[in-house]
Amino acid sequence: MEPLNESKVWDLVKAKGTEMAQVTVLKSDGSQRIINGSFQPSSELKLDDSIKSSGRISIYCQADNAWRSFKQHRVLEIV
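What the sequence shown shows, in my numbering, is residues 1032 to 1110, in sequence order.
Structure below.
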């Protein structure tokens, strides 16, 4: 599976809004990671400034109850 076009990734992120998403990303070691969460959770969850400043896309992972982030050029799928 090839990574998605970066503009397509941003379009999918915006389209999801507060809905739940499943994101599959390619890790640097070649394995895949699946993150289930929301890009814009409805509750007031504070996003760590280090994630915002690093140029990554942030997602609130419900399984971990924490923010996670990924680089847009590593996204394989968003559903």
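Note that beta-carbon positions come from the ideal geometry of N, C-alpha and C, so glycine has one too.
Treat the numbers as computed from the prediction; the structure is a model and nothing was measured.
Any non-hydrogen atom of the ligand SAH within 7 Å of residue i CB
{"i": "A1052", "result": "For the ligand SAH, the structure offers nothing, since it holds no ligand at all."}
Status (buried if at least 16 other CB within 10 Å, exposed otherwise) for residue i
{"i": "R1099", "result": "buried"}
{"i": "R1064", "result": "exposed"}
CB of residue i within 8 Å of CB of residue j, strictly
{"i": "I1088", "j": "Q1103", "result": "yes"}
{"i": "L1112", "j": "V1044", "result": "With the chain represented from 1032 up to 1110, any question about residue 1112 goes unanswered, as that position is not in the structure."}
{"i": "G1068", "j": "A1052", "result": "yes"}
Simplified DSSP state of residue i, which is helix, strand or coil
{"i": "V1110", "result": "coil"}
{"i": "A1052", "result": "strand"}
{"i": "A1046", "result": "helix"}
{"i": "Q1093", "result": "coil"}
C-alpha distance - residue i paired with residue j, whole-angstrom precision
{"i": "N1036", "j": "G1086", "result": "16 Å"}
{"i": "C1092", "j": "K1077", "result": "13 Å"}
{"i": "S1074", "j": "D1042", "result": "23 Å"}
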